[in-house]
Every structure is written in C-alpha cells, then in structure tokens.
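Letter 125 of the sequence shown, counting from 1, is numbered 125 in full-length UniProt numbering, and no numbers are missing.
Every residue gets a Cβ at the ideal spot worked out from N, C-alpha and C, and that includes glycine.
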Amino acid sequence: MKLELNYSKTEINFQDTTIHIRSNTLVTSIYRQPTERRTFLRNDSSHPKHIRKSIIYSQAIRYNCICSDPTDWDTWLQIKRAVSIPRENNNNRVPLVVTYNPHLESLCKAIMELQPILLNDKRLHNIFPEPPLLAYRHPPNLKGIIVRSSLQGPAENGTSPCLQKRCETCAHIYEVDRVPIPHHPQKHQIKELYVGETGQTLRQWMNSYRFKIKHGNTDVPVAAHFCSNTPSIKDLPVTILKGNFKTQQEWKEWE
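Put into structure tokens, the structure is as follows:
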C-alpha cells in the first residue's frame, strides 16, 4: 500500500470538489481523482432508455451545483461530452417487436438464417444491413387486466355529446351542469318543460321519441305535444338530471 500526502497553499480537494483561490475569491470546481475509472453505460446496453439519458443529465446538474464559475462548468461539460461520445454507438437496426411466447425461441435463429436473403435484395439491403433487432413485448396477464396503472380523474358534472358521427342525439344535448328552472337562458319555440324517467340509455330514449313523433304516436306527452303543434323536433333540447343509480332504492328516492 502506498500513501501520498499532497498539499497546496492555494487549493484544497475534498471528495469531488476543489476549492481554490482566484483573484482573492474562493472558487469551487470539479475534482476528479487520478485513479477514477470513467465507466459509463454504453448506448446499446439493455438498460431502459430513461436511465441512460439520466446519467448525462444528472452529471450536468452536478457540475452546475459544484462549479461556481460558468467557464469551469462549460469546460467540464465538454470533457464529459468527449468521454461519452465514443460510447454512444447509435444502432440503426430495425426493431422487430413481438409478444413473448415460449414457442418463439427459434425466431432469432430464423432471422439470422434469412438475413442473406435481405442482403441480396436490391431494395431491402439498405434497410436491413444488419439483422432486425428482436425485442419481446410483455404479454397480457391477469394483473394487467385487473390493476390500473393510473387513477381516473374526477368526473365532470353535466351532459355532453358523444360526438360520434352517426349519433343523432348529440344535436339535442343541452350542455349544462345545472338546469335553471323556470327561466331558461336559451330561447326555443317550445314553451313546455318535461321531466321524465327511464331505465333506457339517453340514445335509446331519444330514438324512441323521434320514432313516435315521426309516425304520429300520441301515447306519450312529448310526442303528443309535437304532433299537435307546429314546432320542429330540432327544438327539443335534452339533458340528464340524475343518472348512474347504484341501486333500485336510490332510484326510487330520487324519483
């Protein structure tokens, strides 16, 4: 074992920081031990992409925190860049992503055996100068079906159109989270207000009323009103006051 003692009247080293005097001012900079090994992950390693990128980003933040002089910070960044570039072996291999299956173990062998066919093709030899990069996708499982990776945000009140191309109910949706009664902010030819209930969806309910109005069925009040007056069905705005009842008892309480 060999021990050395180095000292200086103008600077001192502590861990990864050098403190020295410059123009009668204490300045901090990066200190790198002579025995330090510059080992970094290669760009073609199997580590996730965000980990490889975070190494450069975290080192840049470290230099910014330690270096009090912007010139030193830029110098160390250039050194870091010179060290990192030789390891960034950018690979342009075409990825072949498949869902993992134990029966696909021979796929890699088939890719290597068929690579000469791609090289002999006039159009594909520039696209596949090397064999495709085989990557396996995680297959779906019971955990992925049951467990959600994100939480649903709070639901917004009100009735909104679904905006589907074939939906004829969207044109009648009255987009509000509160229904002002009796003074209605919008003007329509119909002066009546009807409140009803149904176990159907809003689309099914509107389709039923459109059918009855079109064929003159006066069994329900809304259809009877339209059949006995001249207003157009376009003047029929609709909104949901309450829905998504969990139990029949809750439905009856609101009724």
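- Per DSSP, Arg-32 lies in no beta strand (DSSP E) segment and is marked neither H nor E.
- Under the three-state reduction of DSSP output, Arg-210 falls in the helix class.
- By the 16-neighbour rule on beta-carbons within 10 angstroms, Tyr-209 is buried.
- The DSSP-derived three-state label of Tyr-57 is helix.
- Under DSSP, the beta-bridge partners assigned to Tyr-136 are Val-98.
- In summary, Leu-236 is buried, with 16 or more beta-carbon neighbours lying within 10 Å of its beta-carbon over all protein chains present.
- Of the candidates His-138, Gln-59, Ser-46 and Pro-95, Gln-59 places its Cα closest to the Cα of Gln-78.
- Counting of Cβ neighbours within 10 angstroms places Cys-67 among the buried residues, the total reaching 16 or more.
- Leu-236 sits in coil when the DSSP states are folded into three classes, being neither helix nor strand.
- In this chain, the beta strand (DSSP E) harbouring Asn-13 covers 11-14.
- In this chain, the beta strand (DSSP E) harbouring Ile-19 covers 17-22.
- Ile-127 is classed as exposed because its beta carbon has fewer than 16 other beta carbons within 10 Å across all chains shown.
- In summary, Ser-106 is exposed, with fewer than 16 beta-carbon neighbours lying within 10 Å of its beta-carbon over all protein chains present.
- Per DSSP, the unbroken alpha helix (DSSP H) holding Gly-144 starts and ends at 142-146.
- By the 16-neighbour rule on beta-carbons within 10 angstroms, Tyr-63 is buried.
- Excluding residues up to 5 positions away in sequence, Ala-223, Phe-226, Cys-227 and Ile-233 lie with their Cβ nearer than 7 Å to the Cβ of Ile-213 in the same chain.
- Nearest to Ser-160 by C-alpha distance, out of Glu-168, Trp-76, Asp-121 and Ile-173, is Ile-173.
- Exclusion of the five residues before and after Thr-218 leaves Ala-224 and Cys-227 as the residues of its chain whose Cβ lies within less than 7 Å of its Cβ.
- Judged by their CB atoms, Asp-72 and Ser-23 are not nearer to each other than the 8 Å cut-off.
- Closest by C-alpha distance to Arg-32, out of Thr-75, Cys-170, Asn-13 and Leu-114, is Asn-13.
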